Amino acid sequence: MAPPRPPSLPKMAAGSRAPPLGGGPKMAGGGESERGPEPEQVVEALELLLRPPAGPGPEDALRPETLRSNAAALEERLQRVAGWAALRGLRRAVLARAPALAVGVAGDAEPGWAAACGLLALLLCLKERLVALAALPAARGAGPGNAPPPSADTLSVGQGRAVGRALRAAVGLGLAPYLPPGVGQRPGPPAPSPLPPATRGARLHAVTTALAELAQHPALGTPLLARHLGLLLAGLCLLGHGPAPHSEGVSEAERTRCREALRHILDRVYQPLAVRELLILQGRPKQSPPSPGEETKPALARAPAWLRRLCGQLLSERLMRPSGVQAVVRGIMEGTGAGGTGAEAAAVDWRKCDMVAKILASCPQQCLSLEDYYRLVCPQILDLLHIEDKLTARQFQRVATTTLLTMAKEHPQLAEKHLLQPLLAPLLRCSETAELAVEDLSAGTVLVTEAELGSCVEDVLKVYVVGNDSSSLLLGSLQSVLGVVFSLYSFAKQNVSYLRSPCQEILLWFLEKSEREASLAVLEGFAGLNSSVHVLHPQCRFRAGGEGGAAIVVEETISDEDEALYQKVSSEQCRVESLVELLSHCQKSGLAGDFFIHCLKALTCVAAEDEEDSKLAAVPGGSLLELERYHAGQRRKLLVLQLVATLCENVSDTVFTDVAQVEEFVAATLQRACVSPARGPGAAAEAQTLAMAMGLVAAMLGGAVQLQSGDFAVLKRLVPLLEELSRTYPEPLTQELAADLRIAICTHGAFSPGTVGAAADGVLGKKPGTGAQSPAGIASGAPSPGGGRAPARHGHSSPSAPREGSEEQSVSHEPGTTGTAPAPCADSPAPAGLQELLVSAYDPQPPSRAAALRHLSSLITQRDPEALQLQEKLLQVFLENVQHEDAFVYLSAIQGVALLSSEYPEQILPVLLARYRCPVQGTEDTAAAITRMKLGEVLMRVTRALGDMVFKHREPLVQAFLQGARDPDGALRASSLSNLGELCQRLGFQLGSIVQEVTSCLTAIAKTDPEAEVRRAAVHVVVLLLRGLSEKATEVLRDVLRDLYRLLKHVVVAEPDGATVLHAQLALEELDAVMRRVLFPPQALEKKIVVLP
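Reading the sequence shown from the start, the letters are residues 125 to 1217 in my numbering.
Take a look at the structure:
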């Protein structure tokens, strides 16, 4: 947090006071305050002494003759006016204790020095009177409602202005002319004629002594220290520490008192002001060029060496004080950087920030130990990151970041100990490497508060990401807490928290700046595959905070094993999803592709170790350690499989950025096929993956990507694997394609057999012979699970190939397909390209079948006239594939039916409704129920596509879903009720005359259905009705509202299922809110303005 502004100078000056410099007794007047002059009289004397000349000219120009006449007028008034006797006596007492001032007032000195002595004498008289008045008893307070009266020693605005003019004149006439060049000298009129050194030293000591005594009073010290602190410090430095020739006539005791007064004033004033004035006294270095905008200013004399050394020591003392770092930074930065706009002003601002950072990073000479300096200064540097003032926060953060980075380069060990570890302390405290006495901490104990954790994350963002220094020290220190940051990112991703964005930026910065091997190892650590990062302590967890952040607390021990297992599995799933989302931002850099290939290589190792591990697990009598190792290996394999599956699902479409990554991906796939050929339950998936990889290479060779000579050098790495695959793989077509690909690569594409072109067309999703796509097509086509064997069989075979495909379809025994529906024949009136798609829609390979179905759907979307003429045949193809057991196939078919129905709802919707009501004859009850649920999904997609036109088909749809709600299959009943609820939403809950049927069905199911899931769905539909209708519920449901209310009360009282009771309670709350709004409408105050004609 930013420190508060310094208190006003009067309050500071009222504290401890230095002893008088003159060494004599205190000035009189305290006991004779009743007989002393009033402050107004002293101020009047000051104004008389500074009265401007009567003739024309500047008001502030006091010529020597004016000063003489004003001094004579003052002496005359003091001697002759009876009312000024008290002031005359007080001035005599003051001058008696200041002989040098008395000589200047009474002697024949030059007018400037005489005027300065007279002004200082009057100011000392004013100080004495103010002190005496402040010692009097306080006046009676003001009455109720009135402002309190000011204290007796308070000066008015006009009096303060007069005192300011007197101080300016006293300093300008009595102090500035006697300072040597380079010591606090300001550009201005030349100094008076040279005087003897003894006289100059005595006069300088007299003026400095008087000003230092005036600075002790609040009312007089405020304007003096605010405007003339630099010259006062210059005089004290010259007298206390300057060379002997400049202080002739000054005793050693007086010099000692000057040194004490110098330190006393520096300790009292606002520290940034003291720093600024000391820097001005120190002056610009000899080689330093002037800042932009300062070339036209008058040149100042360079400060002498002794003054520069002294100011350096005093500045170091300011720095070593408590909060000294902020004082130095504010002293240099305050009032800078805001005086201009554009790049020039910004450059000046950044140069000053870097200069301050270099000053803070350098240890002063008077500091005996470098570690002591770091121990004192480093916490203050970290505090600069927490400045909340928007005007200065950016500069302070820049200074803190640059200082930290500079210290880390110069002294890495000390910087890590005193800067980086305290910066990362909240994250290190809850890392798995931290030694926590969890048994001594109760569950729910807060280890890191929300404010502390949020501040730590923001500080890490400012130092590491904004500072953008990728040194090994910073990367290593950040890696120690990277696991906790990732856990926090995963937690923030599931919740609403402002910490998600900074955590993501920190993680992405580290992954970008680290070496690729280190980044891959860290990503593996995030996924739980290695221990390269230290994750959150197992006994800690994050808890959402009240300010949008998070806190870290001790987790309660879970005694239920099932619950603990569920928490562990869900945590791993969330971690993988967060990792994949993080990788989605790393695709341009190629890190996502490299990690994907890394995981595929790990998957190859998993395939190679499966057989050996299974034999090891089957051996009885293994030791406990071997069993633990076996379970750890199995867990790692499951994580690899889960990670690869999630990556394929989310980021595989644009994961590869160059040919080298594609080659590594294909190499990993071929290596896995060579090590473990497709056998067993996962043979189909392995074959599809292999076909996709080989088709990807074929597409690249076919022109989907413009290959250069260097790209062929990369692809030649695949030649040994393709040769081994062509010899060892059990499937002949794959062997043939591998051999052809090897030939095409070795000849740089000059010879490309037909199988290569067919495989490329299968991956790119085109008809054979249609040419190559744009380079973007390879990225979008790469992840599709299309195979390479079916296109090769249909694309480059004899004209009888369609009939052969039909025969294969008729004799296949795939579950979920009907043997009575043959594939379209070759003599069909459809065009050749469309005919091939219809044949491929019955391909025994699910990837080829799904690709054909999606291609047909795209033709419908594009309103292809040839496809739309065959709407009945297309509908038949889609409906038969809806019954397929493969999710990729039947979802593609559902999409096609929905698109076709949205184009021709009048012709196709009745067919779908009829099939939904009456399943296909000859199928089992379970298969029929699954098919009807798929048709329900089709109907809902059609409903969404129709939009407002669904009102025309309202009653058939509602009746179909009501009929499905009475089916013997429980899953179909629940699905029908869910569809009914969504349909009501699409209809805007305008059910018309069938509202009685709907409510009766819902009531019967909610009360009598034996399955809890179905009852829950029925009550959920009631919730949707009430929530969607809102205030209209009393109008639309007025005939059945009482029945619905009784139904909900019955469910709350008698229902054993907790989720159903929760739905009912929500519905009752919604109904209660609706009735309250109807019975007690909100009162709105309105003002009507009628404009009369």
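Note that the Cβ used here is the ideal one computed from N, Cα and C, for glycine as well.
All values derive from a computational prediction rather than experimental measurement.
Looking only at Cys435, Glu687, Pro396, Leu551, the smallest Cα-Cα distance to leucine 402 is reached by Cys435. Linking glutamine 1207 to glycine 1152 through their CA atoms gives a straight-line distance of about 24 angstroms.
One Cα belongs to arginine 553, the other to leucine 543, and the distance between them is close to 16 angstroms. As the crow flies, the alpha-carbon of alanine 217 is around 14 angstroms from that of alanine 334. Assigned with DSSP and collapsed to three states, valine 609 falls in helix. Between the stretch 217 to 227 and the stretch 242 to 256 there are three or more C-beta pairs closer than 8 angstroms, enough to call the two in contact.
Distance check between glycine 826 and each of Ala868, Thr530, His979 places Ala868 closest, using alpha-carbon atoms only. Taking the Cα positions, leucine 279 is about 12 angstroms away from alanine 258. When C-alpha distances from lysine 712 are compared across His341, Leu632, Gly649, the shortest belongs to Leu632. Using a Cβ distance threshold of 9 angstroms, alanine 1157 and leucine 1148 do not count as a contacting pair.
The DSSP-derived three-state label of phenylalanine 1204 is coil. If only complete runs of 4 or more residues are kept, the stretch 1124 to 1178 shows the alpha helix (DSSP H) at 1136 to 1153, 1157 to 1160, 1165 to 1178, in order along the chain. Between leucine 998 and alanine 976, the beta carbon gap of about 11 angstroms keeps them out of contact (Cβ cut-off 8 angstroms).
The C-alpha of arginine 442 is placed about 15 angstroms away from the C-alpha of isoleucine 505.
Counting the other Cβ atoms within 10 Å of the Cβ of alanine 300 gives 16 or more, which makes it buried. Relative to glutamate 458, the option among Pro550, Pro396, Pro369, Ala276 whose CA is nearest is Pro396.
With a beta-carbon spacing of about 6 angstroms, lysine 586 and threonine 525 fall inside the 8 angstroms limit used to define contacts.
The continuous beta strand (DSSP E) containing alanine 668 extends over residues 664 to 668.
The criterion of a C-beta distance shorter than 9 angstroms is satisfied by histidine 370 and arginine 324. The stretch 681 to 693 makes no contact with the stretch 573 to 593, as fewer than three CB pairs between them are under 8 angstroms. For the 9 angstroms CB-CB criterion, alanine 1128 and alanine 1095 do not form a contact. Distance from the CA of leucine 762 to the CA of lysine 533, rounded to the nearest whole angstrom, comes to 43 angstroms.
Of the candidates Ile456, Arg433, Val1177, the residue whose Cα lies closest to the Cα of proline 488 is Arg433.
Considering only Arg665, Phe520, Glu641, the residue with the shortest C-alpha distance to serine 656 is Glu641. Contact check for cysteine 361 against leucine 338 fails: the beta carbons are separated by 9 angstroms or more.
Distance from the CA atom of glutamine 1087 to the CA atom of valine 620, rounded to whole angstroms, is 42 angstroms.
A distance below 6 angstroms between beta-carbons, with the five flanking residues on each side excluded, links glycine 591 to the following residues of its chain, in chain order: Thr525, Leu529.
As computed with DSSP, serine 555 is found in a beta bridge with Leu660. The Cβ neighbour count for leucine 244, taken over all protein chains shown within 10 Å, is at least 16; the residue is labelled buried. Each of Gln663, Val704, Val605, Val678 was checked against the Cα of alanine 651, and the nearest Cα belongs to Val704.
Under the three-state reduction of DSSP output, isoleucine 1213 falls in the coil class, being neither helix nor strand. The continuous stretches of beta strand (DSSP E) do not include leucine 363, which lies in the alpha helix (DSSP H) extending over residues 342 to 365. With a minimum length of 4 residues, the unbroken runs of alpha helix (DSSP H) contained wholly in the stretch 612 to 641 fall at 624 to 637.
At the C-beta level, leucine 612 and leucine 623 come within 9 angstroms of one another. Per DSSP, reduced to three states, the secondary structure at alanine 549 is helical. Taking a contact as a CB-CB distance under 8 angstroms, the pair alanine 195 and alanine 238 counts as one, their CB atoms being some 6 angstroms apart.
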